Amino acid sequence: PRITAYRNGVLIYGTEPSSAARLSAEPVAPLRMSVLGNPVGEAVEVDVTGAAGQALTIQLIGTTGRVIEQRQIERAAATEKQRFDVRRETGGIMLLRATAGEQTQTIKVLKK
Numbered sequence: 788p789r790i791t792a793y794r795n796g797v798l799i800y801g802t803e804p805s806s807a808a809r810l811s812a813e814p815v816a817p818l819r820m821s822v823l824g825n826p827v828g829e830a831v832e833v834d835v836t837g838a839a840g841q842a843l844t845i846q847l848i849g850t851t852g853r854v855i856e857q858r859q860i861e862r863a864a865a866t867e868k869q870r871f872d873v874r875r876e877t878g879g880i881m882l883l884r885a886t887a888g889e890q891t892q893t894i895k896v897l898k899k
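Taking the numbering used here, the leading residue of the sequence shown gets 788, the next gets one more, and so forth.
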C-alpha cells in the first residue's frame, strides 16, 4: 500500500493521492479501530479494519483540536496497522479519526 503522511497539515512523506484514489466501492464491513493500549505513552498503535481495498485516511488530533498527523493510504489492507509517535505531545485526550468512503470512526486516546 502507498502511504502519504501529513504533520501539521504539511506533506512529510509520500505523494498526494490522485482524485481517483478517493473513489471507493460500497463498504462490505463496518469501519472499526482498535488502539493497542490506552492510555498510551510514547506512541499510539492502531489497527483499522473494514476498509480493505479502499482509500483510508487516519488523523491524530491533539488536545487543542489541531491535526497532529494525517496519513492517507490509497488501498488499505484487511487490517491496516499504523503507529503514531506522540513523545512530543503533552498529556491529555487526543482523538483518532479514520475515514474510508462514507464511513468515519473517531475514538478517544488518553496520553499519559
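No residue lacks a Cβ here, since even glycine has one placed at the ideal position from N, Cα and C. Remember, predicted model here, so these are calculated numbers, not experimental data.
CA-to-CA distance, residue j to residue i, given in whole angstroms
i	j	result
T844	L823	19 angstroms
Q846	I860	12 angstroms
R870	E889	24 angstroms
R794	I855	6 angstroms
P814	T886	With a pLDDT of only 43 at P814, under 50, the local geometry of the prediction cannot be trusted, and no value is derived from it.
A865	G879	31 angstroms
T877	G801	27 angstroms
N825	D872	14 angstroms
A863	I799	20 angstroms
Beta carbon of residue i nearer than 8 angstroms to that of residue j
i	j	result
G840	L818	no
I848	R789	no
K899	V833	no
Nearest neighbour of residue i, chosen from the options [CA to CA]
i	options	result
R874	V835, A842 and V831	V831
Q892	R789, T791 and A816	A816
T851	Y800, L882 and G796	L882
I894	A863, V835 and G828	V835
V797	S821, R853 and K868	R853
E867	T877, M820, G801 and E876	M820
Buried versus exposed, by CB contacts within 10 Å (16 or more), residue i
i	result
R858	buried
L897	exposed
E829	exposed
E803	exposed
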